[in-house]
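**Student:** Take this structure, written in structure tokens, and hold onto it; I'll ask about it next.
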Amino acid sequence: MRKFLGLVLALCLSLCGCAAGETAEAGPRVVATNFPCYDLARQVLGGEEGLTLLIRPGMDAHSYEPTPADARAVYEADVVFYIGGASDAWVEEMLAEADGASALRLMDSVEAIEEAHEGHGHEDISYDEHIWTSPVNMRAMLQSATEALCAADPQNAGAYRANAAAYDAELAALDQTFRDLVASATRTELIFADRFPFLYFAREYGLTYLSAFSGCAEEAQPSVQAVAALIDAVERDGAPAIYVIEMSTQDVARAVAEQTGVPIVEMHSCQSVTGEEFAAGESYLSLMTRNVEALRRGLF
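Following this line, the structure appears as structure tokens:
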């Protein structure tokens, strides 16, 4: 990856040299790595002008590799928003060369949760990257993003702060909706026959969970024992739904559903969107509002 990034950056610098003398854009040039970063910037900016999304609709964030065009976007940006987890290691290598951009590592805005993984004879500590799945975290990220954009474009700071205040009120209402739902629920466990990117969400709202995979980026199929444990849990606890995430193959979920007769329900992690969702203007708020009904199906 390091060699690849070096080649990408070399090409980027060459391209940037050819672009000298172009007229500067009126607003800040903002680059966002994934969809939550993109939508956060879009809400504060009040639109998409000057905003670039690197991990495009339909892409898997865990297997993404930057292109020369992506490197050029980072090099020319005024502000770069990224999460800062293991999947974003390439961003920090790129930023080391593109020293003109102001980079905002959004994981620094929240209290990150450690994950322990066994391997190579020692315990390797990493942090769960999916910080945005908690609306409370999203509000903290919003504050950091607003300050970064105001610093990059003081002339429009008033508009950015007004946009952020309106969006913060919507996030607060979403947070309260989830709290009210969980408070009235008859169950507190979610069963995911899939990867589980909702650790921050579950912690925030006092939910427990059982999932097929130990890690969100894990590519291997779960063991027979893991699938059997999901089936046993559904039958033992009378779970009314089993969950999958967006763009899932649903292979494990179908196996569990066939054995239990329980319906499969999607909860959207918001990490990425399909081309159709992007074109339709889906946002973090619209996707998380959809999750309210999905959550209801599994907690009652």
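What the sequence shown shows, in our numbering, is residues 286 to 585, in sequence order.
Glycine is no exception: its CB is placed at the ideal position from the N, C-alpha and C atoms.
For S496, count neighbouring Cβ atoms within 10 angstroms of its own Cβ and tell me buried if that reaches 16, exposed if not.
**Tutor:** Burial call: buried.
**Student:** Which same chain residues, not among the five before or five after R390, have their C-beta less than 7 angstroms away from its C-beta?
**Tutor:** If we look at R390 and ignore the five residues flanking it on each side, its Cβ neighbours are Y367, G369.
**Student:** Within 10 Å of its beta-carbon, does R424 have 16 or more other beta-carbons around it, so buried, or fewer, so exposed?
**Tutor:** Buried: at least 16 other Cβ atoms inside 10 Å.
**Student:** What are the boundary residues of the alpha helix (DSSP H) that includes L330?
**Tutor:** Segment 320-330, the alpha helix (DSSP H) holding L330.
**Student:** Is P313 closer than 7 angstroms to D363 when the C-beta atoms are compared?
**Tutor:** Their beta carbons are under 7 angstroms apart, which means D363 touches P313 by this criterion.
**Student:** Does the separation of the CB atoms of R327 and E333 fall below 7 angstroms?
**Tutor:** Yes, the pair counts as a contact, with Cβ atoms nearer than the cut-off.
**Student:** Got a sec, what are the start and stop residues for the beta strand (DSSP E) V541 sits in?
**Tutor:** V541 -> not in any beta strand (DSSP E); alpha helix (DSSP H) instead, spanning 536-545.
**Student:** When the Cα of M603 is compared with those of Q556, N576, D465, which residue comes out closest?
**Tutor:** This structure cannot speak to residue 603, because the chain is shown only from 286 to 585.
**Student:** Quick check on the DSSP output: what are the complete beta strand (DSSP E) runs of length 3 or more inside the stretch 467-536, in order along the chain?
**Tutor:** 474-477, 493-496, 527-530, all fully within the stretch 467-536.
**Student:** Look at the Cβ atom of L336, then the Cβ atom of V315, and state whether they are nearer than 7 angstroms.
**Tutor:** A contact, by the Cβ cut-off of 7 angstroms.
**Student:** Can you say whether E543 is buried or exposed, counting buried as having 16 or more other CB atoms within 10 angstroms of its CB?
**Tutor:** So E543 counts as exposed.
**Student:** Along the chain, where does the alpha helix (DSSP H) that runs through S571 open and close?
**Tutor:** That run of the alpha helix (DSSP H) goes 569-584.
**Student:** Rounded to whole angstroms, what's the CA-CA distance from L515 to T534? Just pull it up for me.
**Tutor:** Looking at the two C-alpha atoms, the distance is approximately 17 angstroms.
**Student:** Could you tell me which residues DSSP puts in a beta bridge with F366?
**Tutor:** Looking at the DSSP assignment, F366 forms a beta bridge with A317, L389.
**Student:** If you count every other CB in all the chains shown that lies within 10 Å of the CB of G583, and 16 or more means buried, which is it?
**Tutor:** Its Cβ being crowded by 16 or more others within 10 Å, G583 is buried.
**Student:** Does the distance from the CB of T431 to the CB of A449 come in under 7 angstroms?
**Tutor:** Result yes, Cβ atoms of T431 and A449 sit closer than 7 angstroms.
**Student:** Looking at V529 and A538, is the spacing between their C-beta atoms short of 7 angstroms?
**Tutor:** A contact, by the Cβ cut-off of 7 angstroms.
**Student:** Taking just the CA atoms, how far does E520 sit from I476?
**Tutor:** Roughly 11 angstroms separates the two Cα atoms.
**Student:** Does the beta-carbon distance from V365 to A397 come in below 7 angstroms?
**Tutor:** It is not a contact, given that the beta carbons lie outside the stated cut-off.
**Student:** Rounded to whole angstroms, what's the CA-CA distance from E307 to S499? Just pull it up for me.
**Tutor:** Low confidence applies here, because E307 scores a pLDDT of 37, under 50, leaving its location unreliable and the question unanswered by this model.
**Student:** Is V550 close to chain D, meaning its C-beta is less than 7 angstroms from at least one C-beta of that chain?
**Tutor:** The structure shown has no chain D; it contains just one protein chain.
**Student:** What would DSSP say about H405, mapped onto helix, strand or coil?
**Tutor:** With a pLDDT of 43 at H405, under the threshold of 50, the modelled position of that residue is not reliable, and no figure is offered here.
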